[in-house]
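Residue numbers (the numbering used here), protein chains in the order written: chain A, 53 to 131; chain B, 9 to 611. C-beta atoms are modelled at their ideal positions from N, C-alpha and C, and glycine is treated no differently. What follows is a set of notes on a single structure, which appears directly below.
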Amino acid sequence: MSTTDLTSLEPGQTATIVKLRAEVGLHQRLHALGFRPGQQVLMLRRAWLNGPLHVRLGTTEVMLRCQEAKGVYTAKAEQ
Amino acid sequence: MKQIAVLGMPNTGKSTLFNRLTGFNRLTGANAKIGNWPGITVELMMAHLQLGEERAELVDLPGIYDLRGFSEDESVVRRFLEHTPLHLVLIILNMTQIDRQLSLALQVKNLHLPGVLLLNMADEAAKFGVDVDVKVIAEHLGMPVIPISAKYGQGFETAYRTISNALKQQEEPRLVNAIEKCLVPEQQLADAMSSLVRDAVHIKARVKENWTTRLDRILLHPVFGLPIFFGIMFLLFQGVYALGTPLQDKLGNLLDWFRSVALEPLLGGLPSFLKGFLLDGIYNGVGTVASFVPVIFLFFLFMAIVEDSGYLSRSAFLMDALMARLGLDGRSFVMSLMGFGCNVPAIMGTRVMRSPGLRMLTMLVIPFSLCSARLNVFLFMITALFTPRTAPVVLFSLYLFSFVAAILTAALFKGRFPNKEPFVLELPPYRFPTIKHMIVSSWCQAKKFLLWSRRFIILGVVAIWALNNLPPNVPPASPQTLSGMIGQLTQPVLAPLGINPQLAVALIFGFVAKEIVLGGLAVIYGKAEGSDLMGAIAHQIDWVQAYSFMLFTLLYVPCLSTVAVLKSESKSWKFALLSVAWSVGLAWVASFIFYQGARALGF
Ligand SMILES: Nc1nc2c(ncn2[C@@H]2O[C@H](COP(=O)(O)OP(=O)(O)OP(=O)(O)O)[C@@H](O)[C@H]2O)c(=O)[nH]1
Chain A
53 MSTTDLTSLE PGQTATIVKL RAEVGLHQRL HALGFRPGQQ VLMLRRAWLN
103 GPLHVRLGTT EVMLRCQEAK GVYTAKAEQ
Chain B
9 MKQIAVLGMP NTGKSTLFNR LTGFNRLTGA NAKIGNWPGI TVELMMAHLQ
59 LGEERAELVD LPGIYDLRGF SEDESVVRRF LEHTPLHLVL IILNMTQIDR
109 QLSLALQVKN LHLPGVLLLN MADEAAKFGV DVDVKVIAEH LGMPVIPISA
159 KYGQGFETAY RTISNALKQQ EEPRLVNAIE KCLVPEQQLA DAMSSLVRDA
209 VHIKARVKEN WTTRLDRILL HPVFGLPIFF GIMFLLFQGV YALGTPLQDK
259 LGNLLDWFRS VALEPLLGGL PSFLKGFLLD GIYNGVGTVA SFVPVIFLFF
309 LFMAIVEDSG YLSRSAFLMD ALMARLGLDG RSFVMSLMGF GCNVPAIMGT
359 RVMRSPGLRM LTMLVIPFSL CSARLNVFLF MITALFTPRT APVVLFSLYL
409 FSFVAAILTA ALFKGRFPNK EPFVLELPPY RFPTIKHMIV SSWCQAKKFL
459 LWSRRFIILG VVAIWALNNL PPNVPPASPQ TLSGMIGQLT QPVLAPLGIN
509 PQLAVALIFG FVAKEIVLGG LAVIYGKAEG SDLMGAIAHQ IDWVQAYSFM
559 LFTLLYVPCL STVAVLKSES KSWKFALLSV AWSVGLAWVA SFIFYQGARA
609 LGF
């Protein structure tokens with residue numbers, strides 16, 4: 053298992069969140085939306101031109117920009 | 009009277025619940041009002057509620073994620089709770105997402121406020137395989153827990169009964185003194201939540217494939233997503249226009265008919281000056297506003313369908329990459345798009361943005377969206393001065409200018425309104441809108457529009473009437489009237505754009521509302537609207553002047569209503585004035601370059 057951030061996931065891949073690093077307001081927002089250590093996250097798709105990411109956490113689907121996704125550290129599950 | 013507050017995370021169906029609890033009271037406005045609360049600057053919606061023999065006041069709080077949060081809404085809720093003694097807090101959560109939303113209920117428990125927890129969207133939770141042991145949660149929280157569906161009404165009888173009972177038991181209201189002190193640190197809260205979720209929530213094998221994932225594969229397709237989106241939006245505006253304009257005409261005819269059979273005979277005895285004021289000034293002013301209701305209503309109806317289905321947040325996903333480069337985000341695009349129907353609701357829609365910079369920049373861009381009122385003027389002028397073959401090209405070029413002006417504005421001002429707002433947005437599953445809900449919400453919106461536009465449009469129409477008829481002893485709308493004199497005064501500025509005194513007066517009228525431009529021209533040229541007026545205009549000006557006039561009309565302030573919302577939404581006259589100055593300046597420069605350029609090229 054190697055630790056990377058959310059932006060490195062390919063569509064269809066699942067990973068486990070290891071930690072969040074973001075300024076306190078964003079941290080809280082991400083946390084509230086379900087980005088928590090231990091939570092599984094599935095990359096659904098990436099928008100064109102390096103646009104936002106579309107991910108699923110449990111029953112919640114969220115879009116976020118790469119900028120924000122860089123603060124979400126994940127460990128890829130072995131496939 | 010007892011006090012109830014409704015508290016919940018964003019998008020959990022709070023408004024839907026509020027509407028269902030208070031019935032159509034909100035629609036008729038008999039029972040609901042917007043109140044001011046101690047310690048809070050924003051206005052909250054409230055309504056009265058009859059629960060058995062108990063009468064209560066229900067306050068709708070903004071949706072929040074966390075009572076310890078840093079956003080504006082979160083501090084509003086904190087201040088509200090610290091200043092308003094409550095008999096009951098209704099907590100509403102999305103049952104499907106209970107595994108992450110329970111934290112809010114746990115926080116209310118920590119505050120020792122009497123609460124009832126409603127787990128909304130029970131219908132969806134069942135489909136997603138989310139199974140909740142309500143008893144375990146109720147025991148842990150020490151408050152009743154009821155699964156409901158605010159949209160379809162399931163569970164409401166139990167909810168009513170439970171709320172009434174809870175109210176009956178709570179004689180004295182409770183006030184929280186220091187919220188921060190009652191709340192536990194984030195980690196402790198997260199642990200409490202996960203252990204409760206482990207005990208009480210069972211999510212069956214994760215849903216891999218459903219309507220939403222299948223639709224998303226098409227609608228968010230990397231290549232076809234955007235074309236599909238533009239196609240849908242195009243159809244939507246066509247629909248509003250195709251259905252709304254005939255209704256608008258019919259309503260207009262009805263108002264004219266009422267005027268000629270009832271009002272004119274009735275007011276026949278009055279002096280003609282007073283009669284003119286009442287009929288041409290006030291009645292026509294009211295009529296102008298009223299005849300716009302069908303279009304506005306339809307516009308809101310279609311927009312509500314797109315929004316409620318969940319597609320609007322998808323369009324933000326599709327467009328965000330481009331908008332980010334302009335200092336905006338996906339939501340700004342959605343709002344600008346709404347602006348092509350009418351700028352006013354679009355500007356009000358920017359409320360969802362938290363960052364002031366982003367909001368201001370979006371509000372600065374929206375007025376350049378070519379709204380339906382401007383489209384009316386353009387269609388008329390183009391038909392009068394261009395051949396049927398060139399007409400579509402001319403119209404298309406105006407749409408192009410509309411986009412260019414918006415992009416230019418964002419690019420120029422993004423430095424002044426820096427936006428560091430992180431863009432993280434929930435994408436809800438696709439949902440079928442219910443007809444009743446659509447009609448109620450669009451009617452509420454249309455009513456809001458009527459309420460405040462009334463003031464401005466009527467005032468504007470009356471002012472124009474006065475300018476055209478004063479002083480009283482000269483022919484109406486002649487060069488000797490006030491409006492004629494004003495037209496002359498504008499010439500040093502507007503003559504270089506090819507805009508003559510008559511057109512100038514129409515432009516000034518257009519400041520109030522673009523709908524008035526045509527009526528204004530009709531009064532000034534002393535003709536009825538329609539082909540007569542077209543002939544008169546075509547006789548007086550050539551196509552270069554006409555195009556310059558249209559460019560100016562496109563770019564300068566859309567209408568007084570827009571300025572009014574810009575002011576009320578930004579809470580700053582300075583910002584409203586900046587928007588006015590920038591758009592008028594841009595209009596002047598663009599028309600000047602076009603007109604002088606075309607003349608220099610020998611046209
Ligand atoms: N399936 C289902 N959908 C619901 C239910 N209640 C609300 N919705 C939908 O959920 C969406 C959000 O509802 P709103 O009432 O606008 O939610 P809100 O909490 O007021 O949202 P904000 O004011 O934006 O924070 C709408 O599309 C509703 O139609 C429900 O019980 N079941």
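Looking at B/H445 and ligand 3, is the gap between the Cβ and the nearest heavy atom below 8 Å? Of the ligands one can find in the structure shown, namely ligand 1, none is ligand 3.
Report yes if the C-beta distance between B/V314 and B/S340 is below 9 Å; otherwise report no. In this structure, B/S340 does not lie closer than 9 Å to B/V314 by Cβ.
Secondary structure of B/L35, DSSP reduced to three states: At B/L35, the pLDDT of 43 sits below 50, so the modelled position is not reliable; the number obtained from the coordinates is stated separately. If DSSP states are grouped into helix, strand and coil, B/L35 belongs with the helices.
Spatial neighbours of A/E120 within its chain, please: CB distance less than 8 Å, with the 5 preceding and 5 following residues excluded, ordered by chain position. Close CB contacts of A/E120 within its chain, under the 8 Å cut and outside five residues either way in sequence, are with A74, L78 and L82 (chain order).
CA-CA distance, B/R34 and B/V248? Residue placement at B/R34 is flagged as unreliable, the pLDDT there being 45, under the threshold of 50; the coordinate-derived value follows with that caveat. The alpha-carbon separation between B/R34 and B/V248 amounts to approximately 26 Å.
Can you name the start and end residues of the beta strand (DSSP E) that B/D68 belongs to? Per DSSP, the unbroken beta strand (DSSP E) holding B/D68 starts and ends at E62 to D68.
Roughly how many angstroms separate the alpha carbons of B/V513 and B/S405, rounded to a whole number? Rounded to the nearest angstrom, the two C-alpha atoms are 25 Å apart.
Nearest CA to the CA of A/Q117: which residue from B/L287, B/L336 and B/R382? First, the amino acid is wrong: residue 117 of chain A is Arg here, not Gln. Checked all of B/L287, B/L336 and B/R382; the closest Cα to A/R117 is B/L336.
The region 277-292 of chain B touching the region 224-241 of chain B, judged by at least three CB pairs closer than 8 Å: In this structure the region 277-292 of chain B does not touch the region 224-241 of chain B; the number of beta carbon pairs closer than 8 Å is below three.
Within a Cβ cutoff of 6 Å, which residues of the same chain sit near B/R63, ignoring the five residues on either side of it in sequence? So the list reads M9, once near-sequence residues are dropped.
Closer than 7 Å by beta-carbon distance: list the chain B residues that pair up with A/M115, in chain order. The answer, in chain order, is F325, L433 and L435.
Confirm the yes/no value for this check: CB of B/N218, any heavy atom of ligand 1, distance under 8 Å. The answer is no for B/N218.
Measuring straight from C-alpha to C-alpha, what distance separates B/R607 and B/N19? Taking the Cα positions, B/R607 is about 56 Å away from B/N19.
Output, in chain order, the set of chain A residues within a Cβ distance shorter than 8 Å of B/V138. Result: T111.
Exposed or buried, what is B/Q246 when buried is set at 16 or more other beta-carbons lying within 10 Å of its beta-carbon? Counting Cβ neighbours within 10 Å, B/Q246 comes out exposed, since fewer than 16 surround it.
Which same chain residues end up closer than 7 Å to B/K283 when comparing Cβ atoms and leaving out the 5 residues on each side of it in sequence? Result list for B/K283: L275, in chain order.
Assign B/P155 to one of three DSSP states: helix, strand, or coil. The answer is strand: DSSP assigns B/P155 an E or B state.
Would you say B/P18 touches ligand 1, meaning its beta carbon is less than 8 Å from a heavy atom? Under cutoff, so the answer is yes.
Own chain residues within Cβ distance below 6 Å of B/E643, not counting five before or after: Nothing in the structure corresponds to residue 643 of chain B, since chain B is present only between 9 and 611.
Grab the span of the alpha helix (DSSP H) containing B/H148 for me, first residue to last. That run of the alpha helix (DSSP H) goes V142 to L149.
Grab me the residues of B/M368's own chain with a C-beta within less than 8 Å of its C-beta, minus the 5 sequence neighbours each way, in chain order. The beta carbon of B/M368 is closer than 8 Å to those of F425, S578 and F583 in its chain, skipping five residues each way along the sequence.
Meets three-Cβ-pair contact criterion under 8 Å: the region 82-99 of chain B and the region 90-110 of chain A: Touching, no.
From the DSSP output, in three-state form, read off B/I72 for me. Looking at B/I72 - three-state DSSP - the assignment turns out to be coil, as it is neither helix nor strand.
What do you reckon, are the CB atoms on B/W596 and B/Y564 nearer than 9 Å? Yes; because the gap between Cβ atoms is below 9 Å, this pair is in contact.
Counting only C-beta atoms, is A/G86 closer than 9 Å to chain B at any point? Answer yes: the Cβ-Cβ gap between A/G86 and chain B drops below 9 Å somewhere.
In the DSSP assignment, find the unbroken alpha helix (DSSP H) run with B/E194 in it and report its ends. First-last of the alpha helix (DSSP H) with B/E194: E194 to A208.
Taking just the CA atoms, how far does B/A208 sit from B/S576? In this structure, the alpha-carbon of B/S576 lies about 47 Å from that of B/A208.
Mind listing the chain A neighbours of B/L228? Cutoff is C-beta to C-beta under 9 Å, in chain order. Near B/L228 (Cβ distances below 9 Å), the residues of chain A are L96, R97, A99 and H106.
Residues from the region 66-78 of chain A in contact with chain B, defined by Cβ distance under 9 Å: A74, E75, V76, G77 and L78: these are the residues of the region 66-78 of chain A whose beta carbon lies less than 9 Å from some beta carbon of chain B, given in chain order.
Comparing alpha-carbon positions, which option in B/L126, B/I516 and B/Q177 lies nearest B/V142? Its Cα nearest to that of B/V142, the residue B/L126 stands out among B/L126, B/I516 and B/Q177.
Establish whether the CB of A/L82 and some CB of chain B are separated by less than 9 Å. Output row for A/L82: interface = yes.
Under 6 Å Cβ to Cβ from B/K212, same chain only, skipping five residues before and after it: list those, please. For B/K212, same chain residues with a beta-carbon under 6 Å away, outside a window of 5 residues either side, are G137 in chain order.
Quick one: grab the DSSP three-state call for B/L478. Coil, per DSSP.
Can you have a look at A/T126 and say buried or exposed, based on whether 16 or more other CB atoms are within 10 angstroms of its CB? It is buried - the Cβ of A/T126 has at least 16 other Cβ atoms within 10 Å.
Using three-state DSSP, classify A/R108 as helix, strand or coil. Three-state result, A/R108: strand.
Could one say the Cβ of B/L35 lies closer than 9 Å to chain A's Cβ atoms, at least one of them? Caution applies to B/L35, whose pLDDT of 43 falls short of 50 and renders its modelled position unreliable; the value that the coordinates give is listed next. It does not: the Cβ of B/L35 has no partner Cβ on chain A nearer than 9 Å.
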